[in-house]
Amino acid sequence: MYAIISDLHSNIEALDAVLADIDSHAVDAIYCLGDVIGYGPDPIAVLERVKRCAFILMGNHEEGLMFFAEDFNPRARAALEWTKAQIMDPGLPKDLQHEIWQMIDAMPRSERRAEAIFVHGSLRNETREYVMPGDIGDRRKMNEIFALMDRGVCFFGHTHIPGVWTESSRYLSPVELGGEYVVPAEKVVINVGSVGQPRDGDNRACYALVDGDKVTFRRVAYDYEATMRKIMRVPELSDTLAARLKIGR
Ligand SMILES: [Fe+2]
């Protein structure tokens, strides 16, 4: 059994709650689909914590940190600039800084394993394309994505909205599924939701456990008020980034 986490966004309270939940199951490996940093108040602690993952994909926030963030909205860009300043802080040990830059630089944009394919955004644009529930009606977009799959399942993140998109044009939310899904014979893409900034109206941290063909969407309550307080103490982090943690949007 393995766990898939994504979009942690420098939220250590959410990540620690999720890791505790993972550790209460017989999990062999943790896969991370990117956006470890950005938005939240604890980039260094979260980066250190994810070292235990079997792989960490590059999200658009890591890509923004390393290369370009011109397409980011002002709030996201300000948070990214602040994050960069935290990593470059002269008070941080040099070897830790070096390790962090190496870790981010080494992040692949996709991972193809026997069990599934993994990306941050979509197979058409691995770091930046959004696949939303409404896209299930966009046959061309979905067909192009499914055509890039050489096996049955692709796990992704990026939108912070969990669910299943099937090749037969159905979108299924975890609520509709009762939190569990058995992967069928047809191709499917599965969003594992967001650990650190859920946007599906449920403020609990979200991740997935995969055991053979069975995918379980886990929701874990965490002390979001502590994270909100930290965000509000940092002038460079917009208060709206705190407010959205409470409502899960
Ligand atoms: Fe994200």
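Just so you know, we're using the numbering used here here: the sequence shown kicks off at 3 and counts up by one.
The beta-carbon is built from N, C-alpha and C at its ideal position, and this holds for glycine as well.
These numbers come from a predicted model, not from an experiment.
message: Measuring only the C-alpha atoms, how far is I7 from Y33?
response: Cα-Cα distance, rounded: 6 Å.
- prompt: Is the segment 102 to 112 touching the segment 16 to 24, taking contact as three or more C-beta pairs under 8 Å?
  reply: Verdict: no, contact absent.
- prompt: In whole angstroms, what is the alpha-carbon distance linking D215 and E182?
  reply: Whole-angstrom Cα-Cα distance: 10 Å.
query: Closest to N145 by CA distance: which of R115, G159, W167, R130 is it?
result: Cα-wise, what sits closest to N145 is W167.
query: Are there 16 or more other CB atoms within 10 angstroms of the CB of N1, so buried, or fewer, so exposed?
result: Nothing can be reported for residue 1, as the shown portion of the chain is limited to 3 through 251.
message: Could you check whether G159 and K189 sit closer than 7 Å to each other, using their CB atoms as the reference points?
response: Taking 7 Å as the Cβ cut-off, K189 and G159 do not qualify as a contacting pair.
field: Identity of the residue in P237, A244, A223 nearest M230 by Cα
entry: Among P237, A244, A223, the Cα nearest to that of M230 belongs to A244.
query: If you count every other CB in all the chains shown that lies within 10 Å of the CB of Q104, and 16 or more means buried, which is it?
result: Under this definition Q104 is an exposed residue.
D37: CB within 6 Å of a non-hydrogen atom of ligand 1: Because some heavy atom of ligand 1 lies under 6 Å away, the Cβ of D37 counts as near it: yes.
- request: Give me the Cα-Cα distance between K143 and D97, rounded to the nearest whole angstrom.
  value: Those two C-alpha atoms are separated by around 44 Å.
query: Within this structure, are the beta carbons of A47 and I14 separated by less than 7 Å?
result: Yes, the Cβ-Cβ distance between A47 and I14 is below 7 Å.
message: Judging by CA-CA distance, which residue of M3, V52, R126, V38 is the nearest neighbour of D30?
response: Nearest neighbour of D30 by Cα position, chosen from M3, V52, R126, V38, turns out to be M3.
message: Check whether the segment 124 to 135 and the segment 74 to 89 are in contact - that is, three or more C-beta pairs closer than 8 Å.
response: With the cut-off at 8 Å, the segment 124 to 135 and the segment 74 to 89 do not touch.
task: Could you tell me the distance, in whole angstroms, from the CA atom of P92 to the CA atom of E64?
output: So the alpha carbons of these two residues sit roughly 21 Å apart.
- request: Compare the C-alpha of N75 against each of V222, P95, Y41, C55 and name the closest.
  value: Closest in alpha carbon position to N75, among V222, P95, Y41, C55, is Y41.
message: Starting from I138, trace the alpha helix (DSSP H) in both directions and tell me its first and last residue.
response: According to the DSSP assignment, I138 belongs to no alpha helix (DSSP H), since it is labelled neither H nor E.
- prompt: With C-beta atoms as the reference, is P43 less than 7 Å away from I192?
  reply: Not closer than 7 Å, so no.
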